[in-house]
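Protein chains in written order, with our numbering: chain A, 4 to 119; chain B, 5 to 116.
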């Protein structure tokens, strides 16, 4: 049973460019959350998708946007990249909204973005 | 004041030691408490999950929640070099629009 898969694993961009990161959730999961993790920091919540809609959002600017597809996979898009966007971007999937299991996140290995 | 406080360490212990990791929080509405372990260059993985107060034990790991003190702990007995990782606490309220609030993580090194 495949867990959460993310692509690409590493990428390098320059300031001002745009990036798209992709995530396939664990089988049976319907909710996808995205996190940004800077070096030495805990994960910072970006947003969560359920039923193809953004359900919650953290304190991130509109440059960060996302999408969820009918098969529950998801994309994170970041426009007008800044140096400070360099981080590990983690995708986590879970099942159900409101059930106790909604807190049980399965994470992917992340996409490490470097902005030069 | 952050909602969740966690000492980032680093913490270095000899193999076989008992390790105590802690988080404090300020939001009395938190009901769900979790510990995640993150190895280098990997995503976090759920280690322990507790609802409300009390203790939970799983092998060498014990999670404790003291809601009156707004304090949670993770104990690792007979620590092994393979336990070397960053340990993140996370917690949330109940309800449909819950958000996980994370600590910074504590870096642990278990030396053989």
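Even for Gly, the Cβ is constructed at its ideal location relative to N, Cα and C. None of the values given here were measured: they were computed from a predicted structure.
*Check each candidate in 115/A, 94/A, 31/A and 18/A and name the one with the smallest Cα separation from residue 69/A.*
In the first chain, the residue the question calls residue 69/A occupies position 66. Of the candidates 115/A, 94/A, 31/A and 18/A, the one whose C-alpha sits nearest the C-alpha of residue 69/A is 94/A.
*Count the other CB atoms, across all protein chains shown, that sit within 10 Å of the CB of residue 62/A; report buried if there are 16 or more and exposed otherwise.*
Counting from 1 along the first chain, the entry for residue 62/A is found at position 59. Exposed, since its Cβ has fewer than 16 Cβ neighbours within 10 Å.
*Does any C-beta atom of chain A lie closer than 8 Å to the C-beta of residue 61/B?*
As a first step, residue 61/B is located in the second chain; it is residue number 57 there, counting from the start. By this cut-off, residue 61/B is not an interface position.
*Tell me, which residues are paired with residue 55/B by DSSP?*
For the purposes of this step, residue 55/B is taken as the residue at position 51 of the second chain. Answer is 36/B, bridged to residue 55/B.
*Enumerated in chain order, which unbroken segments of the beta strand (DSSP E) with a length of 3 residues or greater are wholly contained in the stretch 33-73 of chain A?*
34-40, 47-53, 56-60 and 67-71
*Assign residue 83/B to buried or exposed, taking buried as 16 or more other Cβ atoms, counted over all protein chains shown, within 10 Å of its Cβ.*
One-based indexing of the second chain puts residue 83/B at position 79. Burial call: buried.
*Just to confirm, are residue 16/B and residue 115/B a CB contact at a threshold of 8 Å?*
Numbered from its first residue, the second chain carries residue 16/B at position 12. Numbered from its first residue, the second chain carries residue 115/B at position 111. Going by C-beta atoms, residue 16/B is nearer than 8 Å to residue 115/B.
*Anything in the stretch 86-115 of chain A with a Cβ closer than 9 Å to a Cβ of chain B? List those residues in chain order, please.*
91, 93, 94, 95, 100, 101, 103, 105, 106, 107, 108, 109, 110, 111, 112, 113 and 115
*Mind listing which residues of the stretch 44-70 of chain A have their C-beta closer than 9 Å to chain B's C-betas, in chain order?*
44, 45, 46, 47, 48, 51, 58, 59 and 61
*Would you check if the distance between the CB atom of residue 85/A and the CB atom of residue 118/A is smaller than 8 Å?*
For the purposes of this step, residue 85/A is taken as the residue at position 82 of the first chain. For the purposes of this step, residue 118/A is taken as the residue at position 115 of the first chain. Against a cut-off of 8 Å, the Cβ pair of residue 118/A and residue 85/A comes out as a contact.
*Any Cβ of chain A within less than 8 Å of the Cβ of residue 29/B?*
On the second chain, position 25 is the one that residue 29/B refers to. With 8 Å as the cut-off, residue 29/B does not count as an interface residue toward chain A.
_Proximal chain A residues relative to residue 12/B, where beta-carbon distance stays under 8 Å_ = Translated into the one-based positions of the second chain, residue 12/B becomes position 8. Ordered by position in chain A, the residues that pass the 8 Å Cβ test against residue 12/B are 43.
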